[in-house]
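Q: To start, I am sharing the structure in question, which I have written as structure tokens.
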Amino acid sequence: MTASATARRTVRVDLGDRSYDILIGPGLIAAAGREIALRLKGRKIAVITDEHVAPIYLDGFMAALKSEGIDAVSLVLPAGEKTKSFEHLVSVCDSVLAARIERNDAVVALGGGVIGDLTGFAAGIVRRGSRFIQVPTSLLAQVDSSVGGKTGINSPHGKNLIGVFHQPDLVLADTDVLDTLSPREFRAGYAEVAKYGLIDKPEFFNWLEQNWRAVFAGGEARIEAIATSCQAKADVVAADERENGQRALLNLGHTFGHALEAATHYDSARLVHGEGVSIGMVLAHQFSARMNLCSPDDGKRVEAHLREVGLPTTMCEIPGSLPPAEVLMDAIAQDKKVKAGKLTFILTRGVGQSFVADDVPQSEVIAFLKEKLPT
Numbered sequence: 001m002t003a004s005a006t007a008r009r010t011v012r013v014d015l016g017d018r019s020y021d022i023l024i025g026p027g028l029i030a031a032a033g034r035e036i037a038l039r040l041k042g043r044k045i046a047v048i049t050d051e052h053v054a055p056i057y058l059d060g061f062m063a064a065l066k067s068e069g070i071d072a073v074s075l076v077l078p079a080g081e082k083t084k085s086f087e088h089l090v091s092v093c094d095s096v097l098a099a100r101i102e103r104n105d106a107v108v109a110l111g112g113g114v115i116g117d118l119t120g121f122a123a124g125i126v127r128r129g130s131r132f133i134q135v136p137t138s139l140l141a142q143v144d145s146s147v148g149g150k151t152g153i154n155s156p157h158g159k160n161l162i163g164v165f166h167q168p169d170l171v172l173a174d175t176d177v178l179d180t181l182s183p184r185e186f187r188a189g190y191a192e193v194a195k196y197g198l199i200d201k202p203e204f205f206n207w208l209e210q211n212w213r214a215v216f217a218g219g220e221a222r223i224e225a226i227a228t229s230c231q232a233k234a235d236v237v238a239a240d241e242r243e244n245g246q247r248a249l250l251n252l253g254h255t256f257g258h259a260l261e262a263a264t265h266y267d268s269a270r271l272v273h274g275e276g277v278s279i280g281m282v283l284a285h286q287f288s289a290r291m292n293l294c295s296p297d298d299g300k301r302v303e304a305h306l307r308e309v310g311l312p313t314t315m316c317e318i319p320g321s322l323p324p325a326e327v328l329m330d331a332i333a334q335d336k337k338v339k340a341g342k343l344t345f346i347l348t349r350g351v352g353q354s355f356v357a358d359d360v361p362q363s364e365v366i367a368f369l370k371e372k373l374p375t
């Protein structure tokens, strides 16, 4: 067994006959042909990627497929959140159909969360459901968006409002690719890692406070953090696949964060998803303290850790102007977690003690936002 194989971890997402593996570790893009061939009945693949990832990884990935006799075509899309649109959804669907991809073949997302969400949506609707493989190339995608089957595109009304649940057949999380991320991209992904500790694993958050530098440096600590995050998500998805209950906890920080992304028009120069989540998690703890649910010290602790790793923690750090509290409230009211017109937030009773709060008073949220918005 090679050193790379020894270092790998496997997390199983248990969904009955739709269960699948998440493979985590170095060298998985080079091994992709073998791992996919073991699980794929068909012999054709359509690979969807973007202009940032393609120059670095596409040739190697295609070569790995060819080495196992898999016939593959590729489509390279623009990079960035704005690619999650109807326009690009149509182009992906047309490319998959033009390649004559059948149900026993597969559509592969080679890229970060944007490519994964868009490609998964296309796979979910082409031929009323095609096989789908995630090869996430960002930390955020490896620990969050590639796992669990949520797919979709954005709308002017909000983020990820149009999509389907469509589980992948395999996730290959090659930890080597994370070395090519910019510091900003890696930090943004780390926000989602910290989230799992803040939901219901206080011991994991404690570990991150002590070991985050090793996670950033790579090696075993990084693999451990990714595997722990994926296992946490796999457990929640297995218990509540379609977010009818406790899966909503995975959205800690996202209600505020998504509203901020919409307010910045998904301009990555101003704010990327993980940065919005970072600010949103701090706001969720601060709002919980305002509602006398937790101590203000919990929010200070969360803010201190996220700030230490280099993430933004306040709305004042977002470049440019933000709309007034009432406009942000409109974006929050479009959130997918709204039920029967009632606001649902993920709040907390302390670090690692998050819960689903139904019917949060809108007046309290507006007053809170007015306090926190830059003047």
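Per the UniProt record's numbering, the sequence shown starts with residue 1, numbered consecutively. Backbone N, C-alpha and C fix where the C-beta goes; we use that ideal spot for every residue, glycine too.
Checking 7 Å against the spacing of the C-beta atoms, do Glu192 and Val143 come in under that value?
A: Contact flag set, yes.
Q: Taking Tyr196 as part of the alpha helix (DSSP H), name the residues at either end of that continuous run.
A: Looking at the DSSP string, the run of the alpha helix (DSSP H) that includes Tyr196 is Pro183 to Asp200.
Q: In the DSSP assignment, find the unbroken beta strand (DSSP E) run with Gly111 in it and report its ends.
A: Start and end: Ala106 to Gly111.
Q: Between the C-alpha atoms of Pro183 and Ala98, what's the straight-line distance to the nearest angstrom?
A: One C-alpha to the other measures close to 38 Å.
Q: Nearest-angstrom Cα distance between Leu172 and Ala259?
A: Between Leu172 and Ala259, the C-alpha separation is close to 31 Å.
Q: Between the beta-carbon of His88 and the beta-carbon of Leu75, is there less than 7 Å?
A: For His88 and Leu75, no; Cβs fall outside 7 Å.
Q: Counting C-beta neighbours from all protein chains within 10 Å, is the total for residue 454 16 or more, i.e. buried, or is it exposed?
A: Limits of the chain in this structure are 1 at one end and 375 at the other, which puts residue 454 out of reach.
Q: Between the Cα of Phe256 and those of Leu271, Val11 and Asn244, spot the shortest distance and give me the residue it belongs to.
A: Selected option, being the one with the closest Cα: Leu271.
Q: Spatial neighbours of Glu209 within its chain, please: CB distance less than 8 Å, with the 5 preceding and 5 following residues excluded, ordered by chain position.
A: The answer, listed in chain order, is His305.
Q: In the DSSP assignment, find the unbroken beta strand (DSSP E) run with Ala239 in it and report its ends.
A: Here Ala239 belongs to no beta strand (DSSP E); instead the alpha helix (DSSP H) covers Glu220 to Ala239.
Q: For Ile346, which residues does DSSP report across the bridge?
A: Ile346 is bridged to Val356.
Q: What are the start and end residues of the alpha helix (DSSP H) that includes Phe368?
A: Counting along the chain, the alpha helix (DSSP H) containing Phe368 begins and ends at Gln362 to Lys372.
Q: For Thr175, which three-state DSSP category applies?
A: In the structure shown, Thr175 sits in a helix (DSSP, three-state: H, G or I).
Q: In the DSSP assignment, what residue or residues form a beta bridge with Asp71?
A: Lys44, per the DSSP bridge assignment.
Q: Grab the span of the alpha helix (DSSP H) containing Ile133 for me, first residue to last.
A: Unbroken run through Ile133 is the beta strand (DSSP E), Phe132 to Pro136; no alpha helix (DSSP H).
Q: From Glu102 to Ser95, what distance separates their C-alpha atoms?
A: Their backbone Cα atoms lie some 13 Å apart in a straight line.
Q: Span of the alpha helix (DSSP H) holding Arg301?
A: Unbroken alpha helix (DSSP H) run through Arg301: Pro296 to Glu308.
Q: Among residues of its own chain, excluding the 5 on either side of Leu28, which ones have a beta-carbon nearer than 6 Å to its beta-carbon?
A: Cβ neighbours of Leu28 beyond the five flanking positions: Leu172 and Asp174.
Q: Asp14: which of Val237, Glu224 and Ser288 sits nearest, CA to CA?
A: Minimum Cα distance to Asp14 is reached at Val237.
Q: Determine the direct distance from the alpha carbon of Arg8 to that of Gly25, and round the result to whole angstroms.
A: If you take the alpha carbons of Gly25 and Arg8, they lie about 4 Å apart.
Q: Using a threshold of 7 Å, state whether the C-beta atoms of Phe205 and Arg290 are closer than that.
A: No; because the gap between Cβ atoms is not below 7 Å, this pair is not in contact.
Q: Can you list, in chain order, the residues of its chain whose CB lies under 6 Å from that of Val177, leaving out five sequence neighbours each side?
A: Excluding sequence neighbours, Val177 sits near Thr137.
Q: For the 8 Å Cβ check, are there 3 or more pairs between the segment 118-128 and the segment 38-45?
A: No, the segment 118-128 does not touch the segment 38-45.
Q: Could one say the Cβ of Met62 lies closer than 7 Å to chain B's Cβ atoms, at least one of them?
A: In the structure shown, chain B does not exist; there is a single protein chain.
Q: Within its chain, find whatever has a CB closer than 7 Å to the CB of Thr151; leave out the 5 residues flanking it on each side and keep chain order.
A: Hits under 7 Å: Asp117, Gly120, Phe121, Gly124, Gly163, Val164 and His166.
Q: On the DSSP bridge assignment, give the partners of Gly25 in chain order.
A: Its beta-bridge partners are Asp174.
Q: Any idea which residues DSSP pairs Lys150 with across the strands?
A: According to DSSP, Lys150 bridges with Phe165.
Q: Checking the sheet assignment: what are the DSSP bridge partners for Val13?
A: Looking at the DSSP assignment, Val13 forms a beta bridge with Tyr20.
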